[in-house]
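> Residue numbers (UniProt numbering): 1 to 257.
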Amino acid sequence: MAMSSNLGKNHPWFEICHSRPTSKYQVFIFPSAGTAGPYYRDWDKDFPEYEFSIIVYPGRATRFGDKVITDIKEYINQLNTGLLPFITKPCIFIGHSLGSVISFALAKHMIDTKNKNHLLKLLVEMGRGPPHLQDPDIPYEQMNDKQLIEHLKEIADPSAREIYNYPDYMQMILPMLRGDSKVGNELLENIPINLPIIVYGGEKEKNVDEEFLIRWKELTTKHDLFHVRMFPGNHNFQSECQTQVLQALKQDLKQFF
1 MAMSSNLGKN HPWFEICHSR PTSKYQVFIF PSAGTAGPYY RDWDKDFPEY
51 EFSIIVYPGR ATRFGDKVIT DIKEYINQLN TGLLPFITKP CIFIGHSLGS
101 VISFALAKHM IDTKNKNHLL KLLVEMGRGP PHLQDPDIPY EQMNDKQLIE
151 HLKEIADPSA REIYNYPDYM QMILPMLRGD SKVGNELLEN IPINLPIIVY
201 GGEKEKNVDE EFLIRWKELT TKHDLFHVRM FPGNHNFQSE CQTQVLQALK
251 QDLKQFF
């Protein structure tokens, strides 16, 4: 039995959506800033050969009492021992926004240190330009509370905007968001990795258009396998357009597995 399947949903660094000991592949989803990514929990429904897990960052969900990490190197140090030992099958990293930065940095670390890199087969990066280029959005730590809340409402899935009207909730997550922003805005080296990358984006996101997303191609040597898909949503298009995104993901995974 795979090591991850023994852990149920209680491992501090990841939550297994539905345990599948006989799965052929593992998928690890790295969510965006300020969230534990609950809307990913049913993504595995039509992927019976894959075991999906959601990375749980410190400072939220089951790790609410843990200190928020504000440095990408610290993320990599902790994931090196908190996640990599549990990668036991060919796997895919899916990252959204902040998660794109963390997943790419971890992939590069795995390749550089030759630690489970033979099992990592694909990166699917969503909702952020390549991390060797400056994010065009104003960093969260440079916004006041009102500006940040309005920004969050603008980019949110319309069905989830109401949550930002609750002051107690916002005061709880704003420090977390600003800490996450420090990580998400760290620039990584412009050194391509020998791993396929595909990129998804939202057509309504003002500062992350297809032209910007295409520059992820500079970070992979597998240019023939690189492509960008755009969806009719904003920054959180993966929630707004979940059906279309999962259909595209199914097509893309068939290309590799």
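Even glycine gets a Cβ: it sits at the ideal position worked out from N, Cα and C.
Would you kindly check if the distance between the Cβ of Y25 and the Cβ of Y50 is under 7 Å?
Taking 7 Å as the Cβ cut-off, Y50 and Y25 qualify as a contacting pair.
> Select from D252, L219, P31, G233 the residue whose C-alpha is nearest the C-alpha of A107.
If we check each option's Cα against that of A107, L219 comes out closest.
> Quick one: measure Cβ to Cβ for F30 and I55, integer angstroms, because I've assumed they're closer than 8 Å.
Between I55 and F30 the Cβ distance is about 5 Å, and since that is below 8 Å, they are a contact.
> Would you kindly report the start and end of the unbroken alpha helix (DSSP H) that includes E15?
Note, E15: premise wrong, no alpha helix (DSSP H); beta strand (DSSP E) at 14-16.
> Spatial neighbours of I94 within its chain, please: CB distance less than 6 Å, with the 5 preceding and 5 following residues excluded, ordered by chain position.
Here the set comprises I29, V124.
> Checking the sheet assignment: what are the DSSP bridge partners for I92?
I92 is bridged to V27, L122.
> To test your reading of the DSSP string, which unbroken beta strand (DSSP E) runs of 3 or more residues are found completely within the segment 145-215?
Fully enclosed beta strand (DSSP E) runs of 3 or longer: 197-202.
> Can you check whether the CB of A61 is closer than 7 Å to the CB of A33?
Contact flag unset, no.
> Suppose contacts are defined by Cβ-Cβ distances below 7 Å. Is F237 in contact with G202 by that definition?
Result yes, Cβ atoms of F237 and G202 sit closer than 7 Å.
> Select from D180, M170, I92, S23 the residue whose C-alpha is nearest the C-alpha of Y140.
Comparing Cα positions, the closest option is D180.
> Whole angstroms are fine: how far does the CA of N117 sit from the CA of I193?
Answer to the nearest angstrom: the Cα atoms are 11 Å apart.
> On the DSSP letters alone, give me the boundaries of the beta strand (DSSP E) that S53 sits inside.
It spans 50-55 - the beta strand (DSSP E) in which S53 sits, taken as one unbroken run.
> If I measure Cβ to Cβ from L213 and keep anything under 7 Å in the same chain, skipping five residues before and after, which residues do I get?
So the list reads G129, V199, G201, V228, once near-sequence residues are dropped.
> Enumerate in chain order the residues of its own chain whose CB-to-CB distance from Y164 is below 8 Å, with the five nearest sequence positions on each side excluded.
The answer, listed in chain order, is I149, L152, K153, A156, M170.
> Return yes when the Cβ of L188 is within less than 7 Å of the Cβ of H132, no when it is not.
Yes.
> Looking at the structure shown, is T70 part of a helix, part of a strand, or coil, going by DSSP?
Coil at T70, not helix or strand.
> Is the Cβ-Cβ distance between V27 and I111 less than 7 Å?
Against a cut-off of 7 Å, the Cβ pair of I111 and V27 comes out as no contact.
> If we ignore side chains and look at the alpha-carbon of each, how far apart do H11 and S23 end up?
Looking at the two C-alpha atoms, the distance is approximately 19 Å.
> Return the bridge partner residues of R229 from the DSSP annotation.
For R229, which the question treats as bridged, DSSP gives the partners Y200.
> What does the alpha-carbon distance come out to for the pair N144 and K182?
When rounded, the distance between both Cα atoms is 15 Å.
> Please work out which residues of its chain come closer than 6 Å, Cβ to Cβ, to N207, disregarding the five sequence neighbours upstream and downstream, and give them in chain order.
Taken in chain order, the residues that qualify are P136, D137.
> Are the Cβ atoms of P90 and L119 separated by less than 7 Å?
Contact flag set, yes.
> Give a yes or no on whether the C-beta atoms belonging to M176 and G59 are separated by under 7 Å.
Cβ atoms of M176 and G59: closer than 7 Å.
> Find the nearest neighbour of R215 within the set G233, P232, I191, N234, judged by alpha-carbon distance.
The candidate whose alpha carbon is nearest that of R215 is I191.
> By DSSP's criteria, residue 316 is part of a beta bridge. Which residues make up the other side?
Because residue 316 is not part of the residues shown, which for the chain are 1 to 257, the question remains open.
> Report yes if the C-beta distance between I197 and F226 is below 7 Å; otherwise report no.
Cβ atoms of I197 and F226: closer than 7 Å.
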